[in-house]
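A.B. asks: In the UniProt record's numbering, the protein residues as written are 1 to 311.
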């Protein structure tokens, strides 16, 4: 075959492929600041430090930094600039397990995004202990949510937390007070409206958790807090102030009856606390697998779907 023929075939293929990409759908320009030090990591057609061009709808998982630490990252499971609501996933792992990440929610996001296309689905990673202590995990979550609000116009969020991810959600309700009680200055107020929360097989009362399970659980709690006063004041159920649980929305509390790491005791105590605080809630339990299985189950996806549709 001649060189001229090869060149012709190459250029024909190039222009055909370019034309195909261009015709895949309307492009939507969405303006936001992009820090020079942070690569967007998104499905970007053009970036000039002020404009990111997205396809009108993408379900491709992309990651982006909201801070300088390698764990301060956000993952977009599904994103459309037209969506005004967002479901944010917060992983567990006893504040320390590097195997628990936003990727825990890959399957749950896949289940939900096909059924609720008007929501964006995002996961958040945060720094872990012992490198950092409370309230750094919480402040990372706050920074991630504020970043989503200011940079991606996701100012109306529902949050879903598993295990200590649920702990972080509970703390987020009284964000400023929880941080102040730890002796740390609040970095900035939350720039996000929270319209709902889903608590999945969560830890809500560290004092009672240690009483139930003993030294093995006390070890990972101590690893995340500087002292006992730290975790006493890190939960509204045990803190030393009289502020109310400041939830202005209905919450969903979920517990797998097959969870081998957390009994129903934490969930029962939390639900009783919500009743006393006059918070509107739903409780849903079922045989949905072990502690690290529940967030992958389709049953959870259907429960969350119904909850989101009820808001």
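Heads up, the beta-carbon is just placed ideally off N, CA and C, and yes, glycines get one too.
With a CB to CB cut of under 6 Å and the five nearest residues on each side skipped, what residues in its chain are close to residue 259?
C.D. replies: 201 and 291
A.B. asks: Quick one: grab the DSSP three-state call for residue 142.
C.D. replies: helix
A.B. asks: Where do the N-terminal and C-terminal ends of the beta strand (DSSP E) with residue 281 fall, by residue?
C.D. replies: Looking at the DSSP string, the run of the beta strand (DSSP E) that includes residue 281 is 281-286.
A.B. asks: Let's test the definition: count the other Cβ atoms within 10 Å of the Cβ of residue 311 and tell me whether it reaches 16, buried, or not, exposed.
C.D. replies: exposed
A.B. asks: Starting from residue 260 and walking both ways along the alpha helix (DSSP H), at which residues does that stretch end?
C.D. replies: Run containing residue 260: none; DSSP gives neither H nor E here.
A.B. asks: Note down, in chain order, each residue of its chain lying with its Cβ closer than 8 Å to the Cβ of residue 389, except the 5 sequence neighbours on either side.
C.D. replies: There is simply no residue 389 to check, as the chain begins at 1 and stops at 311 in what is shown.
A.B. asks: Within 10 Å of its beta-carbon, does residue 98 have 16 or more other beta-carbons around it, so buried, or fewer, so exposed?
C.D. replies: exposed
A.B. asks: Can you tell me where the beta strand (DSSP E) holding residue 195 begins and where it ends?
C.D. replies: Boundaries of the beta strand (DSSP E) harbouring residue 195: 193-200, taken from the DSSP string.
A.B. asks: For residue 94 versus residue 124, is the C-beta spacing smaller than 7 Å?
C.D. replies: no
A.B. asks: Report buried or exposed for residue 227, applying the criterion of at least 16 other Cβ atoms within 10 angstroms of its Cβ.
C.D. replies: exposed
A.B. asks: Less than 8 Å between the CB atoms is what I'm expecting for residue 195 and residue 221, so what's the real figure, rounded?
C.D. replies: The Cβ separation is near 30 Å, so there is no contact.
A.B. asks: Find the nearest neighbour of residue 91 within the set 72, 84 and 279, judged by alpha-carbon distance.
C.D. replies: 72
A.B. asks: Measure the Cβ-Cβ separation of residue 132 and residue 74 and say whether it is below 7 Å.
C.D. replies: no
A.B. asks: Using the DSSP secondary-structure output, state which residues sit across from residue 75 in a beta bridge.
C.D. replies: Per DSSP, 63 and 123.
A.B. asks: Which one of 185, 153, 127 and 152 has the shortest CA to CA distance from residue 168?
C.D. replies: It is 127.
A.B. asks: According to DSSP, what are the bridge partners of residue 88?
C.D. replies: 122 and 159
A.B. asks: Taking 7 Å as the threshold (C-beta atoms), are residue 173 and residue 249 in contact?
C.D. replies: no
A.B. asks: With a 10 Å radius around its C-beta and 16 neighbouring C-beta atoms as the bar for buried, classify residue 241 as buried or exposed.
C.D. replies: It is exposed - the Cβ of residue 241 has fewer than 16 other Cβ atoms within 10 Å.
A.B. asks: Taking all protein chains shown into account, decide if residue 276 is buried (16 or more other Cβ within 10 angstroms of its Cβ) or exposed.
C.D. replies: Exposed, since its Cβ has fewer than 16 Cβ neighbours within 10 Å.
A.B. asks: Is the beta carbon of residue 266 closer than 7 Å to that of residue 204?
C.D. replies: Cβ distance < 7 Å, so residue 204 and residue 266 count as in contact.
A.B. asks: Can you list, in chain order, the residues of its chain whose CB lies under 7 Å from that of residue 155, leaving out five sequence neighbours each side?
C.D. replies: 149, 192 and 193
A.B. asks: Leaving out the 5 sequence neighbours to the left and right, which residues in its chain are closer than 6 Å to residue 197 when beta-carbon positions are compared?
C.D. replies: 159, 169 and 251
A.B. asks: CB-CB under 7 Å to residue 280, same chain, minus the five flanking residues each way: which ones, in chain order?
C.D. replies: 250
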